[in-house]
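Reviewing the structure listed below.
Chains as they are written, first to last, in the working numbering: chain A, 138 to 426; chain B, 639 to 981; chain C, 14 to 405.
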């Protein structure tokens with residue numbers, strides 16, 4: 138069982154899993170880090186991203202490189218309306234945001250059921266090809282996802298550390314009043330952060346829909362994943378997302394293959410509980426006041 | 639806007655919500671003895687006026703849910719929202735079912751075990767998890783609830799696994815009839831609500847309030863914070879076990895899906911929408927959550943959308959819940975005044 | 014002038030109304046409510062809708078022909094569906110409402126064991142007939158001796174041995190079977206039965222369970238491949254998960270045979286697995302190419318859009334069995350109807366499954382399990398063709 142070829146396959150699968158986990162969690166952690174909002178509706182936007190991709194790519198047949206970002210753009214733009222209507226009441230209010238956005242999640246999910254009914258659909262992958270390297274087999278689509286995850290991580294890091302808007306966001310996340318005193322327009326910065334976060338969620342949702350299946354309930358597991366990754370890595374930390382995603386991806390791949398599903402779940406849950414008790418701000422997060 | 643946010647996120651309010659010190663949203667007139675007497679009499683008279691089995695069944699479901707929601711309310715009043723409460727209900731249900739079916743114990747004894755078992759688990763994990771604040775406590779209780787559910791699913795030899803336990807008997811041949819069982823459930827809910835109400839208005843209740851408003855301050859005043867929280871947690875989870883046991887003997891069937899995160903979430907929503915700061919809250923919330931689907935049957939998806947929107951509005955504008963609906967109007971008039979420039 | 018004109022119009026309207034009322038009352042039909050309990054929200058919605066639609070189509074057909082004529086009266090059928098959210102307590106409330114408020118004599122559903130077990134304590138003592146789809150043996154084998162409940166779909170006990178027989182004949186070189194199943198009631202009940210059937214025919218069996226809601230099966234498939242299985246049996250996985258299992262198994266390099274013994278409906282699976290579903294073999298309950306089945310399929314697609322869930326034809330069949338039994342009993346008394354349903358065995362050709370056969374005495378103590386012919390389909394290029402027709 139522990140042969141080299143199996144281990145290699147487990148490793149490769151782990152990368153594939155980590156990549157998608159990282160993409161899913163990036164938007165989630167941004168919203169928390171900047172606006173202290175626990176976006177319980179994260180999964181709903183991911184699901185909407187999946188449907189947008191389904192209609193643009195699966196139905197209308199736009200080329201993949203156009204459809205994927207366009208789908209995410211459409212969802213993020215539409216979500217700006219919700220930012221005005223819903224989110225702005227919850228900034229800096231962690232507890233209210235959890236329950237209130239849970240309500241938003243429910244509303245969006247069931248509107249989707251009314252609009253598109255509950256059956257599971259499939260979004261065709263960008264490429265069907267399977268890569269064979271020796272005994273290893275994995276779909277090329279996962280390579281694409283891994284590539285995009287790496288690019289996204291780098292882009293996020295550079296943005297928040299070197300661009301004007303990114304620095305403004307970090308200032309606003311540390312202390313809103315001082316940032317505003319320095320001339321940062323918190324309303325538009327929040328809006329920008331929100332847009333980017335939802336864009337990432339919808340983009341990840343598109344990939345998720347291609348890798349797995351699409352239904353109005355497809356967002357729920359993505360919310361769980363985002364939560365676990367962000368708790369592991371630390372809420373609000375970009376390197377934390379990378380670490381958390383890699384940990385979870387490899388753990389699931391390794392434990393699931395060698396020890397089965399129940400063990401994998403128990404260990405993941407147990408580790409998260411332990412972390413929450415001992416170090417709730419995550420491995421790379423900052424201790425909250 | 640930003641000024642408000644700084645105050646809200648301050649240390650004084652542990653993330654549960656802004657509250658002006660000194661404001662008591664308790665609806666005093668609702669707890670007036672005369673009003674309570676009228677409600678109780680009406681409930682007692684219900685089976686005589688409307689012996690419809692369906693109405694009695696919905697009423698019993700409402701009572702059981704009210705017990706569970708009120709037991710969660712106790713825990714919420716200490717400032718901790720548990721997203722795993724249904725798991726404790728489940729433990730009570732399984733223990734009581736196994737006690738009556740396999741150990742042939744009498745119902746009262748089985749019910750007591752149904753109280754003690756979840757209480758014991760709460761006693762074990764309480765001291766560890768109650769140190770966590772706000773969102774972390776929510777997450778840990780969610781995960782714990784999932785672990786308990788996984789145990790229900792996998793420990794097939796004892797719990798029947800996913801197929802559950804069928805044929806759970808009624809408390810006795812008398813209580814197998816709908817009307818006697820209705821009175822049994824009514825008795826339970828009245829006693830438990832009275833007990834919780836008395837507890838919350840007593841000295842202990844004030845201690846609980848002080849813990850929620852500010853743990854550091856309470857600790858400095860000499861309040862044994864962790865022990866109080868653990869005691870309340872144990873009591874709340876034990877009462878949830880009673881609710882679960884009653885449900886088992888009512889539906890005559892229990893399985894893991896009846897005690898999953900969906901039910902836990904339901905209880906949290908009841909408390910949040912009904913009102914987190916007063917016992918009237920979970921009662922109002924239960925009525926809302928249990929009875930509304932009965933009116934909206936046939937429009938299931940719309941029902942969920944409606945719930946979602948209600949949650950958003952309640953959390954955004956009056957986090958004291960429906961019981962605190964006065965705040966909504968106050969805030970609305972404040973917003974109007976601000977816009978008019980009279981403030 | 015205006016007042017007079019108004020008066021004339023009003024009088025004429027009243028007369029017209031009176032005439033209409035008289036005309037309508039001459040054809041006044043009583044309404045007969047048909048109860049449906051199904052999961053109409055949450056993950057099981059596709060099944061619930063399939064159930065509801067199958068019954069609705071059957072009821073509509075009768076209404077279009079003027080209604081159901083019994084003992085001199087004509088009844089217009091009204092389907093009353095309630096959501097049980099795949100949950101026992103909700104199913105009980107729904108059953109309470111249907112039995113006590115809506116006065117139904119029959120309930121179609123629920124799907125799934127939790128709902129079935131929650132509603133039986135309400136319906137059985139009240140002598141309300143229930144047509145259930147759930148794999149738990151306790152649905153038929155219970156304290157009421159399954160007196161008023163029927164299972165209208167093959168359960169694992171009924172189809173496992175015939176399928177294993179067919180597999181052994183068609184693939185004589187296969188030695189080891191791997192099964193990956195959810196650990197819900199269906200999976201926990203069905204897998205041991207299938208495993209025993211395989212072992213009795215000399216196969217080696219390896220099984221693994223996962224939590225319902227899992228979407229990533231690659232680790233489990235890898236685990237299975239390390240056991241060198243020749244046959245990957247998806248048994249009672251839901252179509253969504255089955256599709257993902259097929260897709261991911263092929264994506265990680267599994268080259269052996271993929272088979273699904275169990276589960277109704279194949280379209281969703283094909284939609285999700287795409288070209289990777291080629292060469293897989295699957296159990297299904299209907300053969301859409303049969304002339305007897307085509308009218309129903311056409312009716313379904315005319316009325317509803319989207320993929321047809323496998324439960325729709327199953328419940329259309331069941332509804333027709335019930336209505337036929339009502340006609341033969343010529344009464345609304347549920348005990349008489351129940352007796353007629355039992356007598357339909359061998360005496361009635363139901364629209365989807367053909368000749369009605371009741372079985373189950375040996376396993377459940379009562380012959381209320383419908384035994385029907387099923388088919389094995391092969392998937393190629395997005396289409397499923399019937400490879401074998403098996404009558405247990």
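A virtual CB, placed ideally from N, CA and C, is assigned to each residue, including glycine.
Assign residue 654/B to one of three DSSP states: helix, strand, or coil.
Translated into the one-based positions of the second chain, residue 654/B becomes position 16. Summary for residue 654/B: the model assigns pLDDT 47, below 50, so the residue's position carries little reliability; its value from the coordinates is reported in the next sentence. In this structure, residue 654/B counts as coil in the three-state DSSP scheme.
Entirely enclosed alpha helix (DSSP H) segments - the segment 303-360 of chain A, minimum 4 residues
313-318, 323-348
Pull up the CB-CB distance for residue 291/C and residue 394/C, whole angstroms please, since I reckon it's below 8 Å.
Translated into positions along the third chain, residue 291/C becomes position 278. Translated into positions along the third chain, residue 394/C becomes position 381. Indeed they touch by this definition, with Cβ atoms about 7 Å apart.
I'd like to know whether the C-beta of residue 149/C is nearer than 8 Å to at least one C-beta of chain B.
Sequence index remark: in the third chain, residue 149/C carries index 136 (1-based). Yes, its Cβ sits closer than 8 Å to a Cβ of chain B.
Cβ of residue 334/C within 8 Å of Cβ of residue 369/C?
The residue you call residue 334/C lines up with position 321 of the third chain. The residue you call residue 369/C lines up with position 356 of the third chain. Contact: yes.
Residues that DSSP places opposite residue 95/C in a beta bridge
As a working mapping, residue 95/C is identified with position 82 in the third chain. Answer is 50/C, bridged to residue 95/C.
Let me see if you follow: with CB-CB separation under 8 Å, is residue 364/A close to chain C or not?
As a first step, residue 364/A must be located in the first chain, where it is residue number 227. No, residue 364/A lies away from the interface with chain C (no Cβ there is under 8 Å from its Cβ).
Following the continuous beta strand (DSSP E) through residue 393/C, name the residue where it begins and the one where it ends.
Start at 1 with the first residue of the third chain, and residue 393/C comes out as number 380. Here the beta strand (DSSP E) through residue 393/C covers 387-393.
Tell me which residues share the same chain as residue 418/A and place their Cβ nearer than 8 Å to its Cβ, disregarding the 5 neighbours each side in the sequence.
Counting from one through the first chain, the residue named residue 418/A turns up at place 281. Counting only Cβ-Cβ distances below 8 Å, and skipping sequence neighbours, we find 371, 372, 424, 425.
Give a yes or no on whether 8 Å exceeds the smallest Cβ distance from residue 227/C to chain A.
Position 214 of the third chain holds residue 227/C. Residue 227/C counts as touching chain A.
Sequence ranges, alpha helix (DSSP H) only - wholly within the segment 696-750 of chain B, length at least 4
Taken in chain order, the unbroken stretches of alpha helix (DSSP H) that lie wholly in the segment 696-750 of chain B and span 4 residues or more are 723-739.
Which word fits residue 390/C, buried or exposed, when buried means at least 16 other C-beta atoms lie within 10 angstroms of its C-beta?
Numbered from its first residue, the third chain carries residue 390/C at position 377. Buried is the call here.
For a cutoff of 8 Å on Cβ pairs, would you count residue 149/A as touching chain B?
Start at 1 with the first residue of the first chain, and residue 149/A comes out as number 12. No, residue 149/A lies away from the interface with chain B (no Cβ there is under 8 Å from its Cβ).
Residue 803/B bridges to which residues according to DSSP?
Residue numbering aside, residue 803/B sits at position 165 when the second chain is read from its first letter. Answer is 892/B, bridged to residue 803/B.
May I ask which residues mark the beginning and end of the beta strand (DSSP E) holding residue 122/C?
Position 109 of the third chain, counting from 1, holds the residue named residue 122/C. Here the beta strand (DSSP E) through residue 122/C covers 119-124.
How many Å lie between residue 363/C and residue 350/C at the Cα?
Working through the third chain from its first residue, we reach residue 363/C at position 350. Working through the third chain from its first residue, we reach residue 350/C at position 337. Each residue's Cα considered, the two are about 16 Å apart.
Can you name the residues of chain A whose CB is closer than 7 Å to the CB of residue 942/B?
Counted from its first residue, the second chain places residue 942/B at position 304. Neighbours of residue 942/B on chain A, chain order: 243, 247.
Who pairs with residue 142/C in a beta bridge, going by DSSP?
Locating residue 142/C in the third chain gives position 129, counting from the first residue. DSSP, once it has assigned bridges, lists 119/C as partnering residue 142/C.
Spatial neighbours of residue 724/B within its chain, please: C-beta separation below 7 Å, excluding the five flanking residues on both sides.
Position 86 of the second chain holds residue 724/B. Once the five neighbours on either side are set aside, the close Cβ partners of residue 724/B are 783, 897, 898, 901, 902, 905.
Name the chain A residues that come within less than 8 Å of residue 265/C, Cβ to Cβ?
In the third chain, the residue the question calls residue 265/C occupies position 252. The answer, in chain order, is 146, 150, 274, 275.
Roughly how many angstroms separate the alpha carbons of residue 768/B and residue 775/B, rounded to a whole number?
Position 130 of the second chain holds residue 768/B. Position 137 of the second chain holds residue 775/B. Each residue's alpha carbon lies about 7 Å from the other.
Does the beta-carbon distance from residue 383/C to residue 165/C come in below 8 Å?
Position 370 of the third chain, counted from the start, is the residue given in the question as residue 383/C. Position 152 of the third chain, counted from the start, is the residue given in the question as residue 165/C. It is a contact, given that the beta carbons lie within the stated cut-off.
Do you know offhand how far residue 861/B's Cα is from residue 168/A's?
Numbered from 1 along the second chain, position 223 holds the residue referred to as residue 861/B. Numbered from 1 along the first chain, position 31 holds the residue referred to as residue 168/A. If you take the alpha carbons of residue 861/B and residue 168/A, they lie about 37 Å apart.
Check whether residue 397/A and residue 221/C have beta carbons under 8 Å apart:
Within the first chain, the letter at position 260 stands for residue 397/A. Within the third chain, the letter at position 208 stands for residue 221/C. Yes; because the gap between Cβ atoms is below 8 Å, this pair is in contact.
Consider the Cβ of residue 235/A: report whether some Cβ of chain B lies at a distance smaller than 8 Å.
Numbered from its first residue, the first chain carries residue 235/A at position 98. True, the Cβ-Cβ gap to chain B drops below 8 Å.
Distance, Cα to Cα, residue 371/C vs residue 340/C?
On the third chain, position 358 is the one that residue 371/C refers to. On the third chain, position 327 is the one that residue 340/C refers to. The alpha-carbon atoms of residue 371/C and residue 340/C are separated by roughly 19 Å.
Closer than 8 Å to chain C by CB, residue 815/B
Taking the first residue of the second chain as position 1, residue 815/B is located at position 177. Answer no: the Cβ-Cβ gap between residue 815/B and chain C never drops below 8 Å.
For residue 149/A and residue 273/A, believed in contact at Cβ under 8 Å, the rounded distance:
As a working note, residue 273/A is residue 136 in the first chain. As a working note, residue 149/A is residue 12 in the first chain. Indeed they touch by this definition, with Cβ atoms about 6 Å apart.
So, does the CB of residue 66/C fall closer than 8 Å to a CB anywhere in chain A?
By 1-based counting over the third chain, the position of residue 66/C is 53. So, not an interface residue.
Could you tell me whether the Cβ atoms of residue 781/B and residue 410/A are closer together than 8 Å?
One-based indexing of the second chain puts residue 781/B at position 143. One-based indexing of the first chain puts residue 410/A at position 273. Yes. Within cutoff.
Flag this pair as yes or no: are the beta carbons of residue 399/C and residue 300/C separated by less than 8 Å?
The residue labelled residue 399/C in the question sits at position 386 within the third chain. The residue labelled residue 300/C in the question sits at position 287 within the third chain. Yes.
Backbone CA spacing between residue 706/B and residue 401/C [nearest angstrom]:
Mapped onto the second chain, residue 706/B falls at position 68. Mapped onto the third chain, residue 401/C falls at position 388. If you draw a straight line from the Cα of residue 706/B to the Cα of residue 401/C, it comes to about 53 Å.
For residue 54/C, which residues in the same chain have their Cβ closer than 7 Å to its Cβ, ignoring the five residues on either side in sequence?
Here the question's residue 54/C lines up with position 41 in the third chain. Within its own chain, the residues whose Cβ lies closer than 7 Å to the Cβ of residue 54/C, once the five positions on either side in sequence are excluded, are 96, 98, listed in chain order.
Just the C-alpha distance for residue 829/B and residue 176/A, rounded to the nearest angstrom, thanks.
For the purposes of this step, residue 829/B is identified with residue 191 of the second chain, where counting begins at 1. For the purposes of this step, residue 176/A is identified with residue 39 of the first chain, where counting begins at 1. For residue 829/B and residue 176/A, the distance between alpha carbons rounds to 39 Å.
Among 79/C, 106/C, 127/C, which has the Cα closest to the Cα of residue 42/C?
The count along the third chain starts at 1 and reaches residue 42/C at position 29. It is 79/C whose Cα lies nearest to the Cα of residue 42/C.
Run of the alpha helix (DSSP H) containing residue 191/C, from where it starts to where it stops
Residue 191/C sits at position 178 when you count from the first residue of the third chain. Per DSSP, residue 191/C belongs to no alpha helix (DSSP H); it is in the beta strand (DSSP E), 189-195.
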